[in-house]
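Numbering (full-length UniProt numbering), first residue to last: 1 to 420. The beta-carbon is built from N, C-alpha and C at its ideal position, and this holds for glycine as well.
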């Protein structure tokens, strides 16, 4: 599999941005290491362009007639190799050189049919859709691996998704124009499309893992048979006799929920000081002194394990570097030819996407609450990815919730690499 052509640009006028993106795409497609006739396009736009979504899709489709299938969505920010675009009109496109029989685009008006055996799927969803969590789980169940990656559209205006299936593969898209609101859309991939994906939680446990032994709705009443509120105060070194200090500490604290012992993902605390990918982090939304309870932004279930945790810049940076290192370790062979070793050893100033890296392209979906400022400066998150993963074609967006496996996360990053 050759490298995926990609391009990105910002401009107050979308046609100017599209022209810059198209110039980059065509320049890549003319290079021998890049796919010259890709048929699948991934399109991400910031919410500044949301009202022109149909015009943008029509324009790109007309300029790139060889690209018969499109998928994508809108975000308050979009990501690309080494750069983030927040609060400015921008777009990013990646053209995937994947055989057309190895993927299918799907949407609400054209669901994934039974004639295609999905192995994994890139999913874009609308947060306003009723039972969106159940729809994500149902979609995961329709894949062989149960693995999804993607996120919820985000923006200050209309949440839109792109979904176009060409060559008559999928009925219904033509009438809809390829731009949708609500429900799920995306691309399902067959077994022949090899992916490596990781989730970064970016938070650290600050207390031992405990079991929920009492719960009422979303209120945890007891942890390890102790009053949950008392446990929280003890773990934070706080007391309700000093409410201002206690509330400040509670606001900076979240809860990592993990499966019960013996169930899949029960080794969720994968290493000292960090969470594994099966941990779902949720906010503490209230305290209940009457029941000595702690209210969570999630239904609390007796038997679920949990740990109080906090997010900070150091933890986020370290965990992001960790998942990039894991991906590189999985893709780099123990014995490398000189070409691969030279490409991987190139200093940052000389590095460039190279087939020897065995990474054709990547999709990164991060939380809209993360991004550069959470990592220390503008575009800092994507600069960390580039330094740690190496130079690779990459697009993505900043979401209202991140999807990995069958879970809907918050404040996480999901990095997926298409392997060459």
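Under DSSP, the beta-bridge partners assigned to residue 162 are 72 and 179. Exclusion of the five residues before and after residue 368 leaves 75, 76, 77, 154, 398, 399 and 400 as the residues of its chain whose Cβ lies within less than 8 Å of its Cβ. With a beta-carbon spacing of about 5 Å, residue 209 and residue 305 fall inside the 8 Å limit used to define contacts.
Here residue 64 carries a coil assignment [DSSP, helix/strand/coil]. In the three-state scheme derived from DSSP, where H, G and I count as helix and E and B as strand, residue 374 is classed as helix. Residue state for residue 119 is assigned as coil, using DSSP reduced to three classes.
The DSSP assignment places no complete alpha helix (DSSP H) segment of no fewer than 4 residues inside the stretch 292-322.
In the structure shown, the three-state DSSP call for residue 243 is helix. The stretch 83-96 and the stretch 141-157 do not touch, with fewer than 3 CB-CB distances between them shorter than 8 Å.
Ranked by Cα distance from residue 189, the first of 313, 177 and 139 is 139. In the structure shown, the three-state DSSP call for residue 284 is strand. In the three-state reduction of the DSSP assignment, residue 358 falls in the coil class. Cβ-Cβ separation between residue 69 and residue 105: approximately 5 Å, consistent with a contact (criterion under 8 Å).
According to the DSSP secondary-structure assignment, residue 48 is paired through a beta bridge with no residue. Inter-segment contact for the stretch 187-201 and the stretch 116-125 is present: three or more beta-carbon pairs are separated by less than 8 Å.
In the three-state reduction of the DSSP assignment, residue 56 falls in the helix class, which pools H, G and I. Here residue 29 carries a helix assignment [DSSP, helix/strand/coil]. Counting along the chain, no beta strand (DSSP E) covers residue 386; the unbroken alpha helix (DSSP H) around it starts and ends at 380-389. Taking every protein chain shown into account, the CB of residue 299 has fewer than 16 other CB atoms within 10 angstroms, so this residue is exposed. Per DSSP, the continuous beta strand (DSSP E) segment holding residue 415 begins and ends at 413-419. In this structure, the beta-carbon distance from residue 199 to residue 325 does not fall below 9 Å.
For residue 104, the secondary structure class from DSSP, reduced to helix, strand or coil, is strand.
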